[in-house]
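> One structure coming up, written as structure tokens, with questions to follow.
Number of protein chains: 2
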Amino acid sequence: MTGSYLPGGLATPATLVFADRLDRNLAGMAAFAAGSGMALRPHAKTHKCRQIARRQLALGARGLTVATIGEAEILASRGGAGQAGPEVEDIFIAYPLWPARDLVTRLGDLAGRVRVTVGTDSAAAAGRLAPLAGRVRAMVEVDCGLGRSGVLPADAAGIARAAQRAGLEVSGVFTFPGHSYGPGAAAAAAADEAAALGEAAAALAAAGFGSVERSGGSTPSARLASPGALSELRPGVYALNDAQQVELGVVSMSEVALMVAATVVSRPAPGRIVLDAGAKVLGPDRPAWASGYGRLADWPDARITGLWEHHAVVAVDGDAPALGEVVAVVPNHVCTAVNLVPELLVADRGQVVDRWPVAARAANR
Amino acid sequence: MTGSYLPGGLATPATLVFADRLDRNLAGMAAFAAGSGMALRPHAKTHKCRQIARRQLALGARGLTVATIGEAEILASRGGAGQAGPEVEDIFIAYPLWPARDLVTRLGDLAGRVRVTVGTDSAAAAGRLAPLAGRVRAMVEVDCGLGRSGVLPADAAGIARAAQRAGLEVSGVFTFPGHSYGPGAAAAAAADEAAALGEAAAALAAAGFGSVERSGGSTPSARLASPGALSELRPGVYALNDAQQVELGVVSMSEVALMVAATVVSRPAPGRIVLDAGAKVLGPDRPAWASGYGRLADWPDARITGLWEHHAVVAVDGDAPALGEVVAVVPNHVCTAVNLVPELLVADRGQVVDRWPVAARAANR
């Protein structure tokens, strides 16, 4: 990719999706899942767009994963004129919801429109789902080593029984191997994921639940999964990719489908330039192992060493973009970057050909 | 503050402004500026709300500071029904704009409605402002040690002459002492700020520009400024405050006016709870010196050790909030948190009394 790939005349900062790269990414993961005999249920929190969800479903995804009821409500709706919904029939809210009263009401309404599965990791939360008996399915969350939510695999059967007592069909167990986000960490995380799902599924089988879904998958670990261990993959980032995936070696820069066009607004000192894309458009994410706060697609030696709300400070050696030049910036974490803008500009062969609303932006509850 | 201070029945996560604390914060900084003989020009990027801007102006602020033309356009407009604008007459865009053609047009339109001053740190950018001669004023940005944008103080006069050649009135010099954001760093940063503004103003005086504005001020350094060094203060965060300010010792927890109500959704292991407020509502900011990804207002010993998009993992010893309990979370960086939500719920004496749109949300250009 060269800078000339960017559409001309952009007002910056502008968040762009490159249609050809998006399509290749979606097709690649769909082919991997189909070829290896696992179902694909992409996590829509990455893109929050009806247009991308529709493409994922058309390529054979069994349904969508979301993080909140709000994301589910929006992506299950058709949207306004020209925004026909993705016609999703099956949504998994992969989150340990605490079913406060208003959430139970909203889940019931949602279940009247699509098949709904929710995550749970406590008997107390599962019990509060009783008003939804027969209408909503449950998946038990297990922790495979990340140390976030989810019970130990050995405790999964107890939660499953609580959900069953509340009248819910228990469809399986799920986990998130988020410790795959580290240099060289993906293989071990994928092994942890396989072991935890296997142990939890065996515990459910021993408790009389039969053969259940084993759902996992982060983008760094997804292609390390095998159908002996997982029945379903839930990667999200793979649709667009980001600087984290590049620096982890999961993808190459040519597979990054979302970038932020930014203008060089200042060259205040030798070796330093300042871009008008800051934390409010790139997102402030910066894992300790990252080279900086994102990458410049066409300046591989440049490093984003500082990020403020509207300033990216870039260290450059030798040749550098000129004052006023527009450059393509790859955010560290695409899920954060997408959530910061109301729409994505769709670029194809150097032209802006469409604008996709980030329909589920800020749908945090 | 105790948890009972939170309004009951909130759907979480919810971003709340506590009206009494906001009013005290605004009045305190206004009194400091007035008492010490410096003008106050609050940075509106923190709150992006017409309602808060109006209060700042009513308390004597000479105008507003913003970071983008978009913020200026929105805050200078009256908004919809019930959203009467702040009636601001004077806006400083404290940013080294690169005046691409569309920005020049927008600045010209804006200058027809309010008095507009823009930042500049290069002769090239200043020269491109020539179509706005006589309609827009310029302030020269100098770097006082942060290493972001701005020229060295000794170079300020050259930029000022370029702006003058372009037909712009040069009203002064400005800087941002952002290196005040560190433990024990504020006094040295304030001294750097004073020295840089003094040197730059002297350089302009020697070049025939007379006595000019010396504008500075971050929230950690604002109260260390003196009128011998600064003529204008531009703090932003002080209106609402955040966990960074508390941990830097700038304010106490009782001065934090924005919090996110969050529900305990999971208690997966001893000493660990999970909240439904993640990076998409708190913001992912975490300076190296911070204790975590924000603070729990009523659980001073708790530490937010991990943050994902919709999960905050909290380490707690001993007593801890129960499953389903709603707690008040203080974000690390309030400017990021505000920009993530469409509106702020205004709380007063335990009730939600109003909703303020984040009018300039995502106005990044």
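Those sequence lines, one after another, are chains A and B. Residues 25 to 389 in this note's numbering are what the first sequence spells out, letter by letter. Residues 25 to 389 in this note's numbering are what the second sequence spells out, letter by letter. We put the beta carbon where it would ideally sit given N, CA and C, even for glycine.
1) Using a Cβ cut-off of 7 Å, pull out every chain B residue sitting near residue 307 of chain A, in sequence order please.
2) Any C-beta of chain B sitting closer than 7 Å to the C-beta of residue 145 of chain A?
3) Go to residue 327 of chain A, then tell me how far its beta strand (DSSP E) extends in each direction, as first and last residue.
4) Spatial neighbours of residue 45 of chain A within its chain, please: CB distance less than 6 Å, with the 5 preceding and 5 following residues excluded, ordered by chain position.
5) Pick helix, strand or coil for residue 47 of chain A, following the three-state DSSP scheme.
6) Within 10 angstroms of its Cβ, does residue 366 of chain A collect 16 or more other Cβ (buried), or is it exposed?
7) Who are the Cβ neighbours of residue 374 of chain A in its own chain at under 8 Å, not counting the five residues just before and after it?
8) Report the residue from A/279, A/102, A/163 and A/198 whose alpha carbon sits nearest the alpha carbon of residue 188 of chain A.
9) Per DSSP, what are the beta-bridge partners of residue 237 of chain A in this structure?
10) Chain A partners of residue 322 of chain B, CB-CB under 9 Å?
11) Looking at the unbroken alpha helix (DSSP H) that takes in residue 245 of chain B, where does it start and where does it end?
12) Assuming contact is defined by CB atoms lying nearer than 7 Å, are residue 23 of chain B and residue 368 of chain B in contact in what I supplied?
13) In this structure, does DSSP put residue 111 of chain A in helix, strand or coil?
14) Less than 7 Å between CB atoms is the rule here; does residue 388 of chain A satisfy it with respect to chain B?
15) Report the residue from B/333, B/293 and B/269 whose alpha carbon sits nearest the alpha carbon of residue 243 of chain B.
16) Within this structure, are the beta carbons of residue 14 of chain A and residue 236 of chain A separated by less than 7 Å?
17) So if I threshold CB-CB distances at 9 Å, which residues from the region 362-379 of chain B count as touching chain A?
18) Quick one: does residue 126 of chain A have its CB under 7 Å from some CB of chain B?
19) Which residues mark the beginning and the end of the alpha helix (DSSP H) in which residue 159 of chain B is found?
20) Could you round the C-beta distance between residue 267 of chain B and residue 201 of chain B to whole angstroms and report it? I think they count as a contact, below 8 Å.
21) Which residues share a DSSP beta bridge with residue 379 of chain A?
22) Where residue 102 of chain A and residue 328 of chain B are concerned, what is the direct C-alpha to C-alpha distance, given to the nearest angstrom?
23) Would you identify the three-state DSSP class for residue 120 of chain A, choosing helix, strand or coil?
24) So, do the region 165-180 of chain A and the region 124-131 of chain A have three or more beta carbon pairs nearer to each other than 8 Å?
25) Could you run through the region 88-121 of chain A and flag, in chain order, every residue whose CB is less than 8 Å away from some CB of chain B?
26) Does residue 330 of chain A pass the burial test, meaning 16 or more other C-beta atoms within 10 Å, or should it be called exposed?
27) From the DSSP output, in three-state form, read off residue 256 of chain B for me.
28) Three-state secondary structure (DSSP) at residue 65 of chain B?
29) So with Cβ pairs under 7 Å, would you call residue 390 of chain A a contact of chain B?
30) Ordered along the chain, which non-local residues of its own chain (more than five positions away) have a Cβ less than 7 Å from that of residue 56 of chain B?
31) Say whether the region 149-158 of chain B touches the region 272-279 of chain A, bearing in mind that this needs 3 or more beta-carbon pairs closer than 8 Å, one atom from each stretch.
32) Given that a residue counts as buried once 16 or more other Cβ atoms are within 10 Å of its Cβ, and exposed if not, what is residue 305 of chain A?
33) Per DSSP, what are the beta-bridge partners of residue 297 of chain B in this structure?
34) Any idea what DSSP makes of residue 360 of chain B, helix, strand or coil?
35) In chain B, which residues lie less than 7 Å from residue 276 of chain A when you measure between Cβ atoms?
36) Rounding to the nearest angstrom, what Cα-Cα distance links residue 382 of chain A and residue 193 of chain B in this structure?
Looking at the coordinates:
1) Listed along the chain, the chain B residues whose CB falls inside 7 Å of the CB of residue 307 of chain A are 308.
2) Residue-level contact by beta carbon holds for residue 145 of chain A and chain B, with a gap shorter than 7 Å.
3) Annotation for residue 327 of chain A: the continuous beta strand (DSSP E) segment containing it runs 327-331.
4) Here the set comprises 281.
5) Residue 47 of chain A: helix per DSSP, three-state reduction.
6) Residue 366 of chain A comes out exposed.
7) For residue 374 of chain A, where only same-chain residues beyond five positions count, the Cβ hits under 8 Å are 28, 29, 30, 31 and 32.
8) That would be A/163, whose Cα lies nearest to the Cα of residue 188 of chain A.
9) The partner list for residue 237 of chain A (beta bridge, DSSP) reads A/196.
10) Simply none; closest approach about 18 Å.
11) Residues 243-246.
12) Here chain B comprises residues numbered 25 to 389, so residue 23 of chain B is not present and cannot be evaluated.
13) Here DSSP, grouped into helix, strand and coil, assigns residue 111 of chain A to coil.
14) Proximity of residue 388 of chain A to chain B, defined by a Cβ-Cβ separation below 7 Å, is satisfied.
15) Nearest option by C-alpha distance: B/269.
16) The requested residue 14 of chain A does not occur in the structure, where chain A is confined to residues 25 to 389.
17) Interface annotation for the region 362-379 of chain B against chain A: 363, 364, 365 and 366, criterion Cβ-Cβ distance under 9 Å.
18) True, the Cβ-Cβ gap to chain B drops below 7 Å.
19) In the DSSP assignment, residue 159 of chain B falls outside any alpha helix (DSSP H) and carries neither an H nor an E.
20) Going by Cβ atoms, the distance from residue 267 of chain B to residue 201 of chain B rounds to 20 Å, so no, they are not a contact pair.
21) According to DSSP, residue 379 of chain A bridges with A/369.
22) Taking the Cα positions, residue 102 of chain A is about 38 Å away from residue 328 of chain B.
23) Strand at residue 120 of chain A.
24) No, the region 165-180 of chain A does not touch the region 124-131 of chain A.
25) So the list reads 91, 92, 119, 120 and 121, given in the order they occur along the chain.
26) By the neighbour-count rule (16 or more Cβ atoms within 10 Å), residue 330 of chain A is buried.
27) Three-state DSSP puts residue 256 of chain B in a strand.
28) DSSP places residue 65 of chain B in coil when its eight states are reduced to three.
29) An answer regarding residue 390 of chain A cannot be provided, because it is not within the stretch 25 to 389 covered by chain A.
30) For residue 56 of chain B, where only same-chain residues beyond five positions count, the Cβ hits under 7 Å are 247.
31) Judged by Cβ distances under 8 Å, the region 149-158 of chain B makes no contact with the region 272-279 of chain A, as fewer than three pairs qualify.
32) With at least 16 other beta carbons inside 10 angstroms of its own, residue 305 of chain A counts as buried.
33) Note: residue 297 of chain B sits in a beta bridge opposite B/338.
34) Reduced to three states, the DSSP call for residue 360 of chain B is helix.
35) Chain B residues near residue 276 of chain A: none, gap ~25 Å exceeds 7 Å.
36) If I take the Cα positions, the gap works out to 42 Å.
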